[in-house]
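Trainee: Before I ask anything, let me first share the structure, which is written out below as structure tokens.
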Amino acid sequence: MTIYADRLDSMVEDVRFKAEHPEHVWDERAIDWPLTKDSTVVEVGGYTGRWALQIARRYWPRLFVFEPQPWAHAVAQAVLGSAATVLNYGLADHDGVMAMGNWETDGCSLVNTIRSTSEGRFCEIKTAFERLEIGEIDLMLMNIEGYEYTLLPYMLDKGILPKRLMVQYHLFGDPYGLIMAGHWARLEALGYKIAWTYGIMLTAWERN
């Protein structure tokens, strides 16, 4: 994060501005849920904390943000302060340090590793949740640049079933949408129904 140290204040201000000025209709939908201060909210792939800040300001829930890029974690931590637990690692199907492409961008990815590769730290999701005493999850947002094709089915296999789940899909990991269609069918079989959808941009499910 050292190369960004002199820009931290301006980056924090930029996140706060964007939190107050949503760009898309799905940004508005993504923060409109029946949550309270007693709710547990998890963001997987928190980047610099814009969505988490919106959630914190509106509901003040028990909020966890996972972000493996050190500079983005530092910005999110500065943005959120005591309003969230901001973890400097990502969630995966195993513990480890893994190569990530598009490093230092909002497209940083375990799957798309062609450009600007560095390494991020990851923890196995069930172990991480047990360590943090995360039980029932009222809302989860997953935006992890193609790794959703690995993490989402693994999470379901482990019995981690958020009451509400939002996922952004990335077609470079599934160009014909076949894996995504399989995920949607599995979620339906587990009792989820689509609350609203903007296709790959963002889709939300609720579980009965």
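Take the position in the sequence shown, starting the count at 1, then add 1; the result is the number in my numbering. The beta carbon of each residue, even a glycine, is placed where N, CA and C say it ideally should be.
Closer than 8 Å is the cut-off here; do at least three beta carbon pairs connect the segment 125-134 with the segment 103-112?
Mentor: Counting Cβ pairs under 8 Å, fewer than three are found: no touch.
Trainee: With C-beta atoms as the reference, is L140 less than 9 Å away from I56?
Mentor: yes
Trainee: I'd like to know whether the C-beta atoms of A53 and L203 end up nearer to each other than 9 Å.
Mentor: no
Trainee: Please return the same chain residues whose Cβ sits closer than 6 Å to the Cβ of R63, not counting the five positions on each side in sequence.
Mentor: Excluding residues within five positions, the ones whose Cβ falls inside 6 Å are T41.
Trainee: With 16 as the cutoff for other CB atoms within 10 Å, does G160 come out buried or exposed?
Mentor: exposed
Trainee: Counting only runs of 4+ residues fully inside the segment 22-79, write out the alpha helix (DSSP H) ranges in chain order.
Mentor: 26-30, 51-60
Trainee: Can you tell me where the beta strand (DSSP E) with Y193 in it begins and where it stops?
Mentor: 193-198
Trainee: Helix, strand or coil for L203? Go by DSSP, reduced to three states.
Mentor: coil
Trainee: Which value, in whole angstroms, describes the spacing of the CA atoms of R138 and A20?
Mentor: Per the sequence shown, residue 138 should be read as Ile rather than Arg. If I take the Cα positions, the gap works out to 23 Å.
Trainee: Terminal residues of the continuous beta strand (DSSP E) containing A93?
Mentor: 91-93
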